[in-house]
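Participant:
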Amino acid sequence: MDDQPHSRSAEEVLAAYDTATEGLTSEEAQQRLAEYGENEVVQASERTPLAIFIAQFNSVLIWVLLAAAGLSAWADHTVDAVLIVVIVVVNGIFGFVQDYRAEQSLEALREMTAPTAAVRRDGTTVEINSTELVPGDVIELESGDVVPADGRLLEDTDLEVDEAALTGESAPVSKSPEPVHPETPLAERESMVFNSTNVTRGKGVAVVTATGMDTEVGSIARELAATEETDTPLQEELDELGRRLGLGVFVLAALVIPLLLVRDTPVVEAGLTAVSLAVAAIPEGLPAVVTLTLALGVRTMAEENALVRRLPAVEALGSVDVICTDKTGTLTEGQMTVSRVWVNDAVVELDGTDEDPPSDRVDLLLRAGALCNDATVEEGDPTEQALVEAAEDHGLDVEALREEHPRTDEIPFSSEQKWMGTVHGDVGYVKGAPGVVLSKSARVLTDDGPTDLTPEAAERVDKQVQAFADEALRVLAVAYTEDPENMEDDLVFVGLVGMIDPPRAEVADALAATERAGIDVKMITGDNVRTAAAIAGSLGMGQEVIEGRDLDQLDGEELAERVEEVNVFARTSPEHKVRILRALKENGHIVAMTGDGVNDAPALKNADVGVAMGVRGTDVAKHASDMVLLDDNYATIERAVERGRAIFDNLWKFVAFLLSANVAEVALVFLASLYGYLVLPAVQLLWINLLTDGLPALALGADPQSGDVMERPPRDPDRGIIERPMLGLIGGAGIVSTALMLGLMFYVLDGAAAITPYAMTMVFTGFVFLEFEKLYIVRWLRETPTFSNPWLAFAVGGSVVMQLAVLYTPLNRYFGTVPLGLEDWGVIAAVLVVGLPAYLAIVLTIKRYLPLDEGSRKSPL
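Right, here's the structure in full:
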């Protein structure tokens, strides 16, 4: 088969595919169907729900916990075993829900393809299921159709196709059977039609050149299937933490168990000590609390029109230092708009800024554009829709205008003649390509009425056409005649209409805000160089542009240099977008990619954070993304980044809080075991972790934003969440907690040879209340006002009630506790009083010597 049908003549392509304009016979089609397969985007082998669920338990942390549950069951400590298993399963369910939702990208590509196709078989036109199309089939297309396969155009009647979702081209593309240069970019291959694009005008006949996974859409599907899900910095760090904790548990067990056995400790008790060490070392609730906190943040973000599909992306937002954005529908409105017009040496802005516009001629221009027009505001050719909308915005009632001046005749637009004419009684109106309309004009409309179109006047029109084109405006000319029978050479030239897909009003401010936050923005579009440069220049992004064909000439090292220097890339393919992203990521950047088309999907999935447009976005883009903007508003990205940074602050607080507790638990169990005391059995450690890792830690996720997070540079992911300030807090607070609890244990034991239920209860309860005290200290370290979060107060109060329940209700028999008296509570209060200044001293030391913003960085761009 021909790999460059766009550059061959129609006859050569028909010969290459062994077919004719009459199409294939049914027998030939069946043979080719067996050879090439069905015309559908083949789904990659998807994981079953069971496989996804099982994958949630492929973690060192989980294996250690399950081993601890097994040891507990072997030692007849059923309550401990059941609690451990329940926590593991709940964490698995949370992970399963998120991963299962991420398995949808390729299915959306299947749904986009046309369900049926008009194809010539056995010499007649029949309608078949589009999956039965084969290379060599001859298909017929008309306005409103979804193109069912890639094809080489054989003939057309004013055929225009909307390819924005595939190429990023903002305006419908006029098609022609004429071959183009072999190296013509995809977006400029006028002789081709592509699978899943939409016919907006005219008719056409094409020979199918590619089906299924061999189409352009199929190549995108293949790219999606080949893209591996990447972990965010927090995920990678938590995985590494799990491996280290697992190794630490085995090392501690290897040290403690032989030591206990040498001291004639019963095997069961030695095993239970190992279980306690495992439970103490592992923050069982950390995955669940991270997930739930992110989910709470996601709920808030959804209220702000940012729908997060993949929870860890919230954390990644805090590290983003480059946003790669599509142009069409993202930075721009996504629809053609008349921005200015020209009437005899006067350029008129249609935004109301001109104080004294030549209104009569502008009215005539817009009235003619609305009458010589087949569209409405709601539907039709995008260019004609823009003319109707401009007329209505100017105060014209287009529907009433058309009723008052009904069309009595017309000359339809064609790609050959490049103009359209309509007759309304004694007047005819014409619109079309400026050069063509100008050549048919004998006069030009001025302040004094129609005057002869002199060569000088024609030259001024040509210069204005070029000026509009230099601003990336799509230019149409409008004329009229009072002799409708003679539209070929007796027109009165009225003026020019300049149209563009304009930048969104709020984008400039949003770009400025992200720049203040240390985030650079790069435009990557399939649109042409001139339009990309004009939009970028108007938004202050610079006007140096690299074209897709130039990217092909760069090797990896050269591309890595250029992506740091240039912010605008035009005429890009999906492969170009992925190359740019990978170059940025290899340079150490955390990259967010925004987009809405099918062509954006591979890049969205490769990005650290993929952001799809919710209103204009295709299902393919949405399913490949991490976050969907429900209002298609670029400014929502800025709010999402701000919210992501605030959520990360809260994540930092409870990770520090949880891990400092685990360090203290391990140290306490380990040191106490050296004296022959199993001070905190597994069930009590699980309960401590449940109370502290549960409601209070979760309530930290509702902490208000502290400081002006958008004035900080992006967080450096290489420093990790567990960096020097957190390590200082974990170590310092862990030492304080361990020392206080060991002191309490020895105080209440008063020289006893074996641990007693009373001593275990005192240490158990003292530890819980000490953690609540430390919780508020951790918040103070992040400059969070003490009483700013009522949910935290409720959570701590609820946890206190739960702790009292295991002391003073029949539940105490399952936890090995005894009721405490007033004097006992006085001892615990004294411990808290001693702990407070110790914790405060650690926090002050960290603030002075280990500033929290040392993990941030300035964007290198």
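In this note's numbering, the protein residues as written are 2 to 862. For every residue, glycine included, the Cβ atom is placed at its ideal position computed from N, Cα and C. Here the structure is a predicted model, which means the values were calculated and not measured.
#1: Which term fits I525, buried or exposed, when burial requires 16 or more other beta carbons within 10 angstroms of its beta carbon?
#2: Answer with buried or exposed for S360, where buried requires no fewer than 16 other C-beta atoms within 10 angstroms of its C-beta.
#3: Per the DSSP calculation, T326 is bridged to which residue(s)?
#4: Counting pairs of Cβ atoms below 8 Å between the stretch 690 to 705 and the stretch 729 to 746, do you hit three or more?
#5: Would you report the Cα separation of V263 and V802, rounded to the nearest angstrom?
#6: Roughly how many angstroms separate the alpha carbons of G695 and S789, rounded to a whole number?
#7: When burial is assigned at 16 or more other CB atoms within 10 Å of the CB, is S27 buried or exposed?
#8: Nearest to V120 by alpha carbon, out of V135, T132, E141 and P136?
#9: Is K204 helix, strand or coil when you go by DSSP?
#10: What is the C-beta distance between T210 and P6, in whole angstroms, given that I count them as a contact (C-beta under 8 Å)?
#11: By alpha-carbon positions, which one of L239, R223 and E316 ends up nearest to I283?
#12: Taking buried to mean at least 16 other C-beta atoms within 10 Å of its own C-beta, is K464 buried or exposed?
#13: Report the partner residues of P504 according to the DSSP bridge assignment.
#14: Examine the Cβ distances between the stretch 290 to 306 and the stretch 650 to 670 and report whether three or more of them are shorter than 8 Å.
#15: Over the uninterrupted alpha helix (DSSP H) stretch that includes D551, give me the two end residues.
#16: With a 10 Å radius around its C-beta and 16 neighbouring C-beta atoms as the bar for buried, classify I55 as buried or exposed.
#17: Could you tell me the distance, in whole angstroms, from the CA atom of A641 to the CA atom of N607?
#18: With 16 as the cutoff for other CB atoms within 10 Å, does V834 come out buried or exposed?
#19: Could you name the residues of the same chain whose beta carbon sits closer than 7 Å to that of W399, not counting the 5 residues immediately before and after it, in chain order?
#20: Would you check if there are 3 or more beta carbon pairs closer than 8 Å linking the stretch 141 to 160 to the stretch 185 to 197?
#21: Span of the alpha helix (DSSP H) holding S440?
#22: Within the chosen definition, does the stretch 745 to 760 reach the stretch 794 to 808 through at least 3 CB pairs nearer than 8 Å?
#23: Short of 6 Å in beta carbon distance, which residues of its chain neighbour D609, apart from the five on each side in sequence? Order them along the chain.
#24: Cβ of R646 within 8 Å of Cβ of D633?
#25: Answer yes or no: do R362 and V344 have a C-beta to C-beta separation smaller than 8 Å?
#26: Which residues does DSSP list as the beta-bridge partners of K432?
#27: Using the C-alpha atoms, what's the distance from P504 back to S539?
#28: Just the C-alpha distance for D77 and G298, rounded to the nearest angstrom, thanks.
#29: I'd like the list of long-range same chain contacts for P136, defined as Cβ closer than 7 Å, with 5 residues on each side in sequence excluded.
#30: So, with DSSP's three-state summary, where would you put R190?
#31: Out of Q418, P715 and Q57, which has the shortest C-alpha to C-alpha gap to S320?
#32: Take the Cβ of S440 as the centre, count every other Cβ of all protein chains shown within 10 Å, and call the residue buried at 16 or more, exposed below.
#33: Are the beta-carbon atoms belonging to T22 and L155 less than 8 Å from one another?
#34: Whose C-alpha, out of F671, E39 and A636, is nearest the C-alpha of D510?
#35: Report all residues from its chain with a CB closer than 8 Å to the CB of K848; omit the five preceding and five following residues, and keep chain order.
#36: If you pair each beta-carbon of the stretch 566 to 583 with each one of the stretch 597 to 607, do three or more pairs fall below 8 Å?
Facilitator: Judging by the given coordinates:
#1: As a working mapping, residue 525 is identified with position 524 in the sequence shown. With at least 16 other beta carbons inside 10 angstroms of its own, I525 counts as buried.
#2: Numbered from its first residue, the sequence shown carries residue 360 at position 359. Exposed.
#3: Within the sequence shown, numbered from 1, the residue matching residue 326 stands at position 325. According to the DSSP secondary-structure assignment, T326 is paired through a beta bridge with M524 and T595.
#4: No contact exists between the stretch 690 to 705 and the stretch 729 to 746.
#5: In the sequence shown, residue 263 corresponds to position 262, counting from 1. In the sequence shown, residue 802 corresponds to position 801, counting from 1. As the crow flies, the alpha-carbon of V263 is around 42 Å from that of V802.
#6: On the sequence shown, position 694 is the one that residue 695 refers to. On the sequence shown, position 788 is the one that residue 789 refers to. Cα to Cα, the separation comes out at about 19 Å.
#7: For the purposes of this step, residue 27 is identified with residue 26 of the sequence shown, where counting begins at 1. With fewer than 16 Cβ atoms within 10 Å of its Cβ, S27 is classed as exposed.
#8: Position 119 of the sequence shown, counting from 1, holds the residue named residue 120. When only C-alpha atoms are compared, the closest one is E141.
#9: Counting from 1 along the sequence shown, the entry for residue 204 is found at position 203. Strand at K204.
#10: As a position in the sequence shown, residue 210 is number 209, starting the count at 1. As a position in the sequence shown, residue 6 is number 5, starting the count at 1. That pair is a contact at about 5 Å.
#11: Counting from 1 along the sequence shown, the entry for residue 283 is found at position 282. When C-alpha distances from I283 are compared across L239, R223 and E316, the shortest belongs to L239.
#12: Residue numbering aside, residue 464 sits at position 463 when the sequence shown is read from its first letter. Under a 10 Å Cβ-count criterion, K464 is classified as exposed, with fewer than 16 other Cβ atoms of the shown protein chains found around its own Cβ.
#13: As a first step, residue 504 must be located in the sequence shown, where it is residue number 503. Looking at the DSSP output, P504 bridges to T333.
#14: Yes, the stretch 290 to 306 is in contact with the stretch 650 to 670.
#15: As a working note, residue 551 is residue 550 in the sequence shown. Following the DSSP letters along the chain, one finds D551 inside the alpha helix (DSSP H) bounded by residues G549 to L552.
#16: Position 54 of the sequence shown, counted from the first residue, corresponds to residue 55. I55 comes out exposed.
#17: Counting from one through the sequence shown, the residue named residue 641 turns up at place 640. Counting from one through the sequence shown, the residue named residue 607 turns up at place 606. Using only the alpha carbons, I get a separation of about 19 Å.
#18: Looking up residue 834 in the sequence shown gives position 833. Sixteen is the threshold: since fewer than 16 other Cβ atoms of the shown chains lie within 10 Å of the Cβ of V834, the residue is exposed.
#19: For the purposes of this step, residue 399 is taken as residue 398 along the sequence shown, with counting starting at 1. What sits at residue 399 in the sequence shown is Val, not Trp. A371, V389, A392 and E393.
#20: The count of Cβ pairs closer than 8 Å, one atom from the stretch 141 to 160 and one from the stretch 185 to 197, reaches three, so the stretches are in contact.
#21: Along the sequence shown, one-based indexing puts residue 440 at 439. In this chain, the alpha helix (DSSP H) harbouring S440 covers P435 to S440.
#22: The way I'd put it, the stretch 745 to 760 doesn't touch the stretch 794 to 808; fewer than three beta-carbon pairs between them come closer than 8 Å.
#23: Numbered from its first residue, the sequence shown carries residue 609 at position 608. Same-chain partners within the cutoff: A317, I591 and V592.
#24: As a position in the sequence shown, residue 646 is number 645, starting the count at 1. As a position in the sequence shown, residue 633 is number 632, starting the count at 1. Not a contact, by the Cβ cut-off of 8 Å.
#25: Along the sequence shown, read from residue 1 onward, the residue named residue 362 stands at position 361. Along the sequence shown, read from residue 1 onward, the residue named residue 344 stands at position 343. It is a contact, given that the beta carbons lie within the stated cut-off.
#26: The count along the sequence shown starts at 1 and reaches residue 432 at position 431. For K432, which the question treats as bridged, DSSP gives the partners M421 and V479.
#27: As a working note, residue 539 is residue 538 in the sequence shown. As a working note, residue 504 is residue 503 in the sequence shown. The straight-line gap separating the alpha-carbon atoms of S539 and P504 is approximately 8 Å.
#28: Locating residue 77 in the sequence shown gives position 76, counting from the first residue. Locating residue 298 in the sequence shown gives position 297, counting from the first residue. Taking the straight line from one Cα to the other gives about 41 Å.
#29: What you label residue 136 is simply residue 135 of the sequence shown in a count that begins at 1. Once the five neighbours on either side are set aside, the close Cβ partners of P136 are M2, Y18, R33, Y37, V209, T210, A211 and T212.
#30: Taking the first residue of the sequence shown as position 1, residue 190 is located at position 189. DSSP, reduced to helix, strand and coil, places R190 outside both helices and strands of the structure shown, so it counts as coil.
#31: As a position in the sequence shown, residue 320 is number 319, starting the count at 1. S320 has its Cα closest to that of P715, out of Q418, P715 and Q57.
#32: As a position in the sequence shown, residue 440 is number 439, starting the count at 1. If you draw a 10 Å sphere on the C-beta of S440, you find fewer than 16 other C-beta atoms in it, and that means exposed.
#33: Counted from its first residue, the sequence shown places residue 22 at position 21. Counted from its first residue, the sequence shown places residue 155 at position 154. Contact flag set, yes.
#34: Reading the sequence shown from its first residue, position 509 is the one you call residue 510. With respect to the C-alpha of D510, the residue from F671, E39 and A636 having the closest C-alpha is A636.
#35: For the purposes of this step, residue 848 is taken as the residue at position 847 of the sequence shown. Closer than 8 Å at the Cβ level, and outside the excluded window around K848, lie L782.
#36: Because the criterion of three Cβ pairs below 8 Å is met, the stretch 566 to 583 and the stretch 597 to 607 touch.
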